[in-house]
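Just add 235 to wherever you are in the sequence shown, counting from 1, and you've got the working numbering.
Input: a single structure, listed below in structure tokens.
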Amino acid sequence: MNKTTDFDERYRKGDLPWDTGRQDKNLELVIKEQTITPCHTLEFGAGTGTDAIWLAQKGFKVTALDISPAAIEIANKKASVAGVKVEFIVADIRKDKTPVGPFGFVFDRGCFHTFELPEERSELVEILWKYLSPGGYWFSLIGSTDGPKREPGPPRLSALEIVSAVESRFEILSLTATHLESNLSEAPRSWACLMRKRAQTRIE
Numbered sequence: 236m237n238k239t240t241d242f243d244e245r246y247r248k249g250d251l252p253w254d255t256g257r258q259d260k261n262l263e264l265v266i267k268e269q270t271i272t273p274c275h276t277l278e279f280g281a282g283t284g285t286d287a288i289w290l291a292q293k294g295f296k297v298t299a300l301d302i303s304p305a306a307i308e309i310a311n312k313k314a315s316v317a318g319v320k321v322e323f324i325v326a327d328i329r330k331d332k333t334p335v336g337p338f339g340f341v342f343d344r345g346c347f348h349t350f351e352l353p354e355e356r357s358e359l360v361e362i363l364w365k366y367l368s369p370g371g372y373w374f375s376l377i378g379s380t381d382g383p384k385r386e387p388g389p390p391r392l393s394a395l396e397i398v399s400a401v402e403s404r405f406e407i408l409s410l411t412a413t414h415l416e417s418n419l420s421e422a423p424r425s426w427a428c429l430m431r432k433r434a435q436t437r438i439e
């Protein structure tokens, strides 16, 4: 079973421990504290659209991607009920044609850490760098290797793995220990990583 089929089946069954139905508190905090103003925004791994809808309600123009058609179907219904416009698209950010940017803000909640291989993470970083406008921000919530090994829970990356993947293209503004809100009995430990696109292409 490939990743798309697996996630689609989980959305259809409602097996969604990561989906609390509430906007993420870490996202709320970074928008408020960093004074990120409404702009053209890309969310990848958008799931059922809760965070994309919240951003749209705050005045952001949001394009939201997910590989699961079932997730996007749910997200469109939720946006309709909420009375907001979000461009939801079934797409794999690494493989499919994505909407025209540039974007001032990119957000992912637990998607970056699903790319297991360093070369996959590097490829994603290159894609996001190209899609962001000069000085644009990327905010990523990433499962952390801190603490004991857990099961179930999201994939986990170390701080070194994150820095190694992103620093050539992004300035890390903050890398903060936090938790991923979930329906699990104990919230998984995670990183909240806020980055800004570098002007130059590479660090020499």
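Where is the CB? At the ideal position from N, CA and C, for every residue including glycine.
Proximity winner among Leu262, Thr255 and Leu359, relative to Ala427 (alpha-carbon distances): Distance check between Ala427 and each of Leu262, Thr255 and Leu359 places Leu262 closest, using alpha-carbon atoms only.
Assigned secondary structure, Thr298 (DSSP; H/G/I helix, E/B strand, else coil): Three-state result, Thr298: strand.
Residue ranges of each beta strand (DSSP E) within the stretch 296–368, 3 or longer: DSSP runs (the beta strand (DSSP E)) wholly in the stretch 296–368: 296–301, 322–325 and 338–344.
Under 8 Å between C-beta atoms of Lys296 and Thr272: Cβ atoms of Lys296 and Thr272: not closer than 8 Å.
Phe429 versus Leu410 - alpha carbon distance: In the sequence on display, residue 429 carries Leu and not Phe. Note on geometry: alpha-carbon atoms of Leu429 and Leu410 lie some 7 Å from one another.
Of the residues Val316, Ser315, Ala400 and Ile307, the one placed nearest His348, counting alpha carbons only: The shortest Cα separation from His348 among Val316, Ser315, Ala400 and Ile307 belongs to Ala400.
Ile438 classed as buried or exposed, judged by whether at least 16 other C-beta atoms fall within 10 angstroms: Reliability of the predicted coordinates at Ile438 is poor, the pLDDT of 46 falling under 50, and no value is obtained from them.
Whole-angstrom distance between Gly284 and Ile309, CA atom to CA atom: Cα to Cα, the separation comes out at about 8 Å.
First through last residue of the alpha helix (DSSP H) which encompasses Thr285: Where Thr285 is concerned, the enclosing alpha helix (DSSP H) stretches over Thr285 to Gln292.
Alpha-carbon to alpha-carbon, His414 and Glu421: Near 9 Å, if we compare the C-alpha coordinates of His414 and Glu421.
Rounded Cβ spacing between Glu402 and Asp343 (contact assumed at less than 8 Å): Taking 8 Å as the upper bound for CB-CB distance, Glu402 and Asp343 are not in contact here, some 18 Å apart.
CB contact flag (Thr298, Pro334, <8 Å): Remark: C-beta atoms of Thr298 and Pro334 approach each other more closely than 8 Å.
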